[in-house]
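In what follows, a single structure is set out as structure tokens and then discussed.
Chains as they are written, first to last, in our numbering: chain A, 1 to 106; chain B, 107 to 207.
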């Protein structure tokens, strides 16, 4: 069955970590860029650490990060068609918050 | 130094991590955490994807209209075209999560 994952919006613009750091520098002229970079790393590392420990991170208005357990399954090498065993694993998951979902569709 | 193992972290906990690790005041730490989220929300609302190296990418997708069904009543209803937000974790984060503690 075909799954419609939707199309990527036109434009293809993206904000990368360094641009986020720049915006924060503009907000906080009292801080040096080096400090802001450390803050940004600290922020995202704390989320990753929490997920690694099996916990969740809930950010009201934005969304929630958690992990999901995937069962072992039989997969297939897409190139050769050969059947392979895929082990059970834990994967990161993000659910956008209600406010965030609404903001995307105004 | 880190918060309780597992459980749920919130903004306040992230601000506390920043306060402890970077040494900014509690107020400034809380403010900057808020601004990080503000800038990410603003970019996504403007139709821009957000890519954080070593963490993951927040990717927008436009979905076409389709016919859905109320699972309780079985009544068919049109689902309007809409934009959704997906998250794709970086390879680094995936590897960390798979390995666990």
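For glycine and all other residues, C-beta sits at the position ideal for the given N, C-alpha and C.
Interface criterion met: the Cβ of residue 154 (chain B) is under 8 Å from a Cβ in chain A. Proximity of chain B to residue 84 (chain A) at the Cβ level (cut-off 7 Å) is not reached, the minimal Cβ distance being about 17 Å. Nearest neighbour of residue 146 (chain B) by Cα position, chosen from A:53, A:34, A:48 and A:22, turns out to be A:22. Listed as beta-bridge partners of residue 64 (chain A) by DSSP are A:58 and A:95. If one requires a minimum length of 4 residues, the alpha helix (DSSP H) runs lying completely within the region 9 to 38 of chain A are 17 to 27, in chain order. Per the DSSP secondary-structure output, residue 170 (chain B) pairs with nothing in a beta bridge.
Closer than 8 Å to the CB of residue 33 (chain A) there is not a single CB belonging to chain B. Only residues of its own chain outside the window of five on either side were considered, and among them 62 and 63 have a CB closer than 6 Å to the CB of residue 100 (chain A), listed in chain order. Contact with chain A is absent for residue 183 (chain B), since none of that chain's Cβ atoms lies less than 8 Å from the residue's Cβ.
In the structure shown, residue 69 (chain A) adopts extended strand secondary structure according to DSSP, grouped into three states. Closest by C-alpha distance to residue 70 (chain A), out of A:90, A:16 and A:105, is A:90. Here residue 105 (chain A) is exposed. Its C-beta has fewer than 16 other C-beta atoms within 10 Å. At a cut-off of 8 Å between beta carbons, residue 118 (chain B) makes no contact with chain A.
At a cut-off of 8 Å between C-beta atoms, residue 174 (chain B) does not count as an interface residue with respect to chain A. Nearest CB-CB separation between residue 195 (chain B) and chain A: below the 8 Å threshold.
Excluding the 5 residues flanking it on each side, residue 117 (chain B) has same chain C-beta neighbours closer than 8 Å at 136, 139, 140 and 143, in chain order.
The beta carbon of residue 178 (chain B) sits no closer than 8 Å to any beta carbon of chain A.
Annotation note: the region 132 to 184 of chain B contains the following uninterrupted alpha helix (DSSP H) runs of length 4 or greater, listed N- to C-terminal: 132 to 151.
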